[in-house]
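2 protein chains.
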Amino acid sequence: MSTTPTTTRAGQHSLFGWSLAALLREWSARVDAAADDLPQGTRGYQLLTAVVHGDLPSQAALASTLGIDRTVMTYLLDAFEGCGLVERQLDPADRRARRIVATDKGQEVLAAMEARVAAAEEELLAGLEPGQRAMLRELLERAAMGTGPDEDPCRTVAEATTPG
Amino acid sequence: MSTTPTTTRAGQHSLFGWSLAALLREWSARVDAAADDLPQGTRGYQLLTAVVHGDLPSQAALASTLGIDRTVMTYLLDAFEGCGLVERQLDPADRRARRIVATDKGQEVLAAMEARVAAAEEELLAGLEPGQRAMLRELLERAAMGTGPDEDPCRTVAEATTPG
DNA sequence: TTATATCGTCTGCCATACAGACGATCTGCC
DNA sequence: GGCAGATCGTCTGTATGGCAGACGATATAA
Chain A
429 MSTTPTTTRA
439 GQHSLFGWSL
449 AALLREWSAR
459 VDAAADDLPQ
469 GTRGYQLLTA
479 VVHGDLPSQA
489 ALASTLGIDR
499 TVMTYLLDAF
509 EGCGLVERQL
519 DPADRRARRI
529 VATDKGQEVL
539 AAMEARVAAA
549 EEELLAGLEP
559 GQRAMLRELL
569 ERAAMGTGPD
579 EDPCRTVAEA
589 TTPG
Chain B
429 MSTTPTTTRA
439 GQHSLFGWSL
449 AALLREWSAR
459 VDAAADDLPQ
469 GTRGYQLLTA
479 VVHGDLPSQA
489 ALASTLGIDR
499 TVMTYLLDAF
509 EGCGLVERQL
519 DPADRRARRI
529 VATDKGQEVL
539 AAMEARVAAA
549 EEELLAGLEP
559 GQRAMLRELL
569 ERAAMGTGPD
579 EDPCRTVAEA
589 TTPG
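As you go down the protein sequences, you meet chains A and B in turn. Just so you know, the working numbering puts 527 at position 99 of the first sequence, and the rest follows in order with no gaps. Just so you know, the working numbering puts 461 at position 33 of the second sequence, and the rest follows in order with no gaps.
Quick look at the structure:
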């Protein structure tokens, strides 16, 4: 139909605003579809992932890492605790804080989710060859490593210095 | 840097849920910061981009492309029209529909925004070398081309067949 | 003409996020 | 030890935003 169509993409600048948003929307939809067991859909998947894989010391750390308000984190975790997926444990070192740990059920659910999400991702990236998918993941990971919104780089140092 | 913490990432599967979300959050924050002239921040930038660069015939097409409800699109465009950035024109071919076109001011504002967003992107991807950034953009674009919730795949074929 | 579907708008409801206050606790200082 | 200020997690109230549903106007098919 249109003779000038290729330029209807967002031009050569700002791939993000166009491609990435659509990609992430589609990804989120697929994750939501696979997240019957979890509250909050994609958010829930990210939360449980952070709980299991990223050893964040407290609720507040969890919240700032995920970019969620702490008051929101409260009832988010209420839902997860109600489902028996995570537990709030008292932190012996700081009795104000709660250590969030995944229950066995939580770990099982996450493992199942991860398998489904991985499959959905492969399907989502069907337009890319396997090598390109790996490349994309690596580039994303490397790009994301530089993003520290309100993170203190000293924390990493502190963690590195604390043995075990 | 750190010897152990890299494994606190989401493991080898599902880079998306972890890296990409943080990356997009940071990107969105930077776009918001650069979007003083636009309503709705990042959303507004995406909307204006779609209006100018993607020639969508109607409000509904705009809405489905951006994944926005049509009722939301109404007051979103109200705000944009109020700012003199876009206009609702009657579609002579279908008097129910409105053609959304950017005003001169809208095009100027978008152009300025795109420059700022491009700069922010470069800054955001500072961890990657220029070649890697280009590679990332190309991979994202190609991956996003496959995502057609209600898109016609024939368009992709048409684009591929047209020699750049 | 009639019936049905679509477009854009409007109304009302509901979920959700955020500001602020609160008790409990930690930290630093005296 | 006692005190002040900061932090953690929770609770309450508010406001912002999205979505379902209905509506008039219009297009399309029978």
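Cβ coordinates follow ideal geometry from the N, Cα and C atoms, glycine included. This structure is a prediction, so every number in the text was calculated from the model and none was measured.
Thinking just about the alpha-carbon of each residue, which of the options is nearest to the one in residue i?
| i | options | result |
| --- | --- | --- |
| glycine 482 of chain B | B/Glu551, B/Ala530, B/Leu553 | B/Ala530 |
| alanine 491 of chain A | A/Cys511, A/Leu466, A/Arg527 | A/Arg527 |
| methionine 541 of chain B | B/Cys511, B/Asp464, B/Ala488, B/Ala571 | B/Asp464 |
| alanine 547 of chain A | A/Glu536, A/Arg561, A/Gln535, A/Gly534 | A/Arg561 |
| leucine 484 of chain A | A/Cys511, A/Ser456, A/Arg565, A/Ala525 | A/Ala525 |
| serine 486 of chain A | A/Thr502, A/Gln474, A/Gly472 | A/Thr502 |
| glutamate 509 of chain B | B/Gly472, B/Leu553, B/Ala449 | B/Gly472 |
| aspartate 460 of chain B | B/Asp497, B/Glu549, B/Ala488 | B/Glu549 |
| leucine 567 of chain A | B/Cys511, B/Met563, B/Gln474 | B/Met563 |
Express the C-alpha separation of residue j and residue i in angstroms, rounding to a whole number.
| i | j | result |
| --- | --- | --- |
| leucine 505 of chain A | valine 514 of chain A | 8 Å |
| threonine 470 of chain B | arginine 523 of chain A | 40 Å |
| arginine 544 of chain B | alanine 462 of chain B | 7 Å |
| glycine 555 of chain B | methionine 573 of chain A | 8 Å |
| leucine 451 of chain B | serine 447 of chain A | 14 Å |
| aspartate 519 of chain A | aspartate 532 of chain B | 59 Å |
| threonine 493 of chain A | alanine 521 of chain B | 50 Å |
| valine 500 of chain B | proline 467 of chain B | 13 Å |
| arginine 565 of chain A | glutamine 517 of chain B | 43 Å |
| serine 430 of chain B | glycine 559 of chain B | Unreliable placement is indicated for serine 430 of chain B, whose pLDDT of 32 sits below 50; the coordinate value is still reported in the next sentence. Spanning the two alpha carbons is a distance of roughly 26 Å. |
| glutamine 474 of chain B | glutamate 536 of chain B | 15 Å |
| glutamate 557 of chain A | alanine 449 of chain B | 23 Å |
| alanine 602 of chain A | alanine 571 of chain B | Nothing in the structure corresponds to residue 602 of chain A, since chain A is present only between 429 and 592. |
Near residue i, what residues of its chain come up, given a Cβ to Cβ distance below 6 Å and the 5 sequence neighbours on each side ignored?
| i | result |
| --- | --- |
| leucine 538 of chain B | Leu476, Val480 |
| glycine 534 of chain B | Leu513, Val514 |
| alanine 507 of chain A | Pro467 |
| cysteine 511 of chain B | none |
Are the CB atoms of residue j and residue i within a distance shorter than 7 Å?
| i | j | result |
| --- | --- | --- |
| glycine 495 of chain B | arginine 458 of chain A | no |
| leucine 553 of chain A | tryptophan 455 of chain A | no |
Within its chain, find whatever has a CB closer than 7 Å to the CB of residue i; leave out the 5 residues flanking it on each side and keep chain order.
| i | result |
| --- | --- |
| threonine 478 of chain B | Residue identity differs from the one stated: residue 478 of chain B is alanine in this sequence, not threonine. Leu484, Leu490, Thr493, Leu494. |
| alanine 488 of chain B | Arg498 |
| glutamate 569 of chain B | none |
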